[in-house]
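Residue numbers for the sequence shown follow the UniProt record's numbering, beginning at 1 and rising by one.
Right, one structure below, let's go through it.
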Amino acid sequence: MTPAAPLPAQRVLCRLADIPDGEARGFDPPPGSFIGVFAVRRGEGVFVFLNSCPHIGVPLEVLPHRFLDGRRERVVCAVHGARFRVEDGLCLSGPCMGDRLEIVPAEIRDGLVLIPEDTGR
Ligand code: FES
1 MTPAAPLPAQ RVLCRLADIP DGEARGFDPP PGSFIGVFAV RRGEGVFVFL NSCPHIGVPL
61 EVLPHRFLDG RRERVVCAVH GARFRVEDGL CLSGPCMGDR LEIVPAEIRD GLVLIPEDTG
121 R
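Encoded structure:
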């Protein structure tokens, strides 16, 4: 039997219950980083992305936690209106169509949303 690979160090982003189902929450960059993350909850799952638009690398939201369109179906960049699929971050329309948001691998354990310790830039 081969030894299991060591698990990457993780940190707690929030409790899953902190994100209302169907909504999104933004999180400030950790100390020493300039780019935060945002998370979109879908039932008992969550999708986490770096908060950096692939168009020109700025944060997507203008108002706190406003990452989704009015129907809460797509992520929207408030700067030039690019729209992204929640499930994989693919840009479906706008100036960066075909590019993707950078996915942050997230895990839910004991009701906590965990992301890699070194997430951010
Ligand atoms: S900065 Fe996001 S669409 Fe231009």
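Every residue gets a Cβ at the ideal spot worked out from N, C-alpha and C, and that includes glycine.
Query, Result
"Looking at C-alpha atoms only, which residue of Phe67, Pro8 and Val48 is the closest neighbour of Ile103?", "Val48"
"Cβ atoms of Glu61 and Gly26: under 9 Å apart, would you say?", "yes"
"Can you list, in chain order, the stretches of the beta strand (DSSP E) that have 3 or more residues and sit fully within the segment 41–81?", "45–50 and 74–76"
"Under the assumption that Val75 contacts Val86 (Cβ atoms under 8 Å), give the Cβ distance between them as a whole number of angstroms.", "6 Å"
"To the nearest angstrom, how far is it from the Cα of Pro8 to the Cα of Cys96?", "31 Å"
"Who pairs with Leu90 in a beta bridge, going by DSSP?", "Arg100"
"Let me know the secondary structure DSSP gives Ala106 once reduced to three states.", "coil"
"Check for me: the beta strand (DSSP E) holding Ile115 runs from which residue to which?", "Leu112 to Pro116"
"With a threshold of 8 Å, establish whether the CB of Leu60 neighbours any heavy atom of the ligand FES.", "yes"
"Name the DSSP beta bridge partners of Val26, please?", "Position check: residue 26 holds Gly in this sequence, whereas Val was assumed. In the DSSP output, where bridge partners are listed per residue, Gly26 has Phe38."
"Hey, could you find the ends of the beta strand (DSSP E) Leu13 is sitting in?", "Gln10 to Arg15"
"Quick check: does the Cβ of Ile56 come within less than 8 Å of any heavy atom belonging to the ligand FES?", "yes"
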